[in-house]
Every structure is written in structure tokens, then in C-alpha cells.
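Worksheet: the structure to be examined is printed underneath.
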Amino acid sequence: MEKSRSILRTGKYIEDFLEEYVVLDLETTGLSPVTHEIIEIGAIAFRGGVQTGEYCTLVRPKTRISGFITNLTGISNDMVRFSPTIEEALPGLHGFLDGRPVLAHNASFDLGFLNAAYERHFGMPFPNDYLDTMRISRKLYPTARHRLQDLTERFGIERDGAHRSMADCIMTQR
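Using the numbering used here, the first residue of the sequence shown is number 264, and each one after it goes up by one.
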């Protein structure tokens, strides 16, 4: 329930063709923004369909990354040992986003974690408007499956590096 309540406080959902936006993906230690942590942030900015910048960082969590998450993402405790904490990484992401709309696949997941992080570290909800490729897929293909893997298969998009934030950003953009 905490996650749903948090989502309502984000920027608004938009469904439009945008000139400028940022594709965003997070990797986390689990499914709950209340009890789990962000371990990777990936964001790629686009203007007029052309990539204009990127922000990517591993994030050192306060708790250990489980073997399950390491197997899923390839992100290990050794990899994040000297990475910035979320307190150190979040201002960089906030500056990179610069108020631009965010495009994500299953945006409620990523925005739930960002909302929780923004509340803890900035005292405010995640403010950016957003688009969700999963939500669009559900409208266009109501009887199909809608995971990112399903969309990449449906549209013939190469699936390389799944469950790493920058690779998922690229697949979402395509």
C-alpha cells in the first residue's frame, strides 16, 4: 500500500510524442521501495530522437545484495563497494533530469523507488511527468504479455544486457 500511495504523488502521467525526454531505469535489491534499495541508476536523454546525454551510476546500498539479485542483474557487492550512496547519487540524477519528462517501462516500479528516495533525501516527491511503455502496450495489445522482454520479442529488438539499467534504457527507447 505504501508504494501505491507514493506513486500518486509523482508528476503526472502523460501519453504524447515528446520532443525531449529521459529514458530511465533502476536496478534494486528487491521489489519494495520501503524495504529495498536502488543499486543502479541509468538515464539517457533524447531530443528530437537523438541522444543528448546519459547518467549512469552503481549505488552502494546499506544492506548486502542477495545472490538472487546478483544472478538477475549481474551486480555484486564487490561492484558497488566503492560506489556512491543514494544520498550522493540522487543530486546528480536530479540535475541530469532537469525537470524533463521520464520514459520508463513499468514506470510505477521505478517511480515508487524514486518517490521514496526523493522523500527521504529531498523532502519532496519525485516531480517529473512520465510515460510508461508498459501502460501503452496494455492499451495497444490488451491480450498480450507486457514485460520488457515481451515487447522486445514482439518488435524484434535485440535484448542484450537485460536487467542492467543502461541496457534496459536502450531497449525501452527502441
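Every residue, glycine too, gets a C-beta built ideally from N, C-alpha and C. Here the structure is a predicted model, which is why all the values come from computation and not from measurement.
For T315, the enclosing beta strand (DSSP E) starts and ends at V313 to L321. Under the Cβ criterion (8 Å, minimum of three pairs), the region 320-340 does not count as touching the region 364-372. Taking the C-beta atoms as reference points, L281 is found nearer than 8 Å to P364. Listed as beta-bridge partners of D395 by DSSP are A367. Here R422 is exposed: its Cβ has fewer than 16 other Cβ atoms, across all protein chains shown, within 10 Å. Contact fails between the region 307-326 and the region 383-391, because fewer than three Cβ pairs, one in each stretch, are under 8 Å apart.
A379 is classed as buried because its beta carbon has at least 16 other beta carbons within 10 Å across all chains shown. The C-beta distance from E303 to R427 rounds to 7 Å, short enough to fall under 8 Å. Per DSSP, D288 is one residue of the beta strand (DSSP E) stretching across E283 to T291. At the C-beta level, A352 and L287 stay beyond 8 Å of one another.
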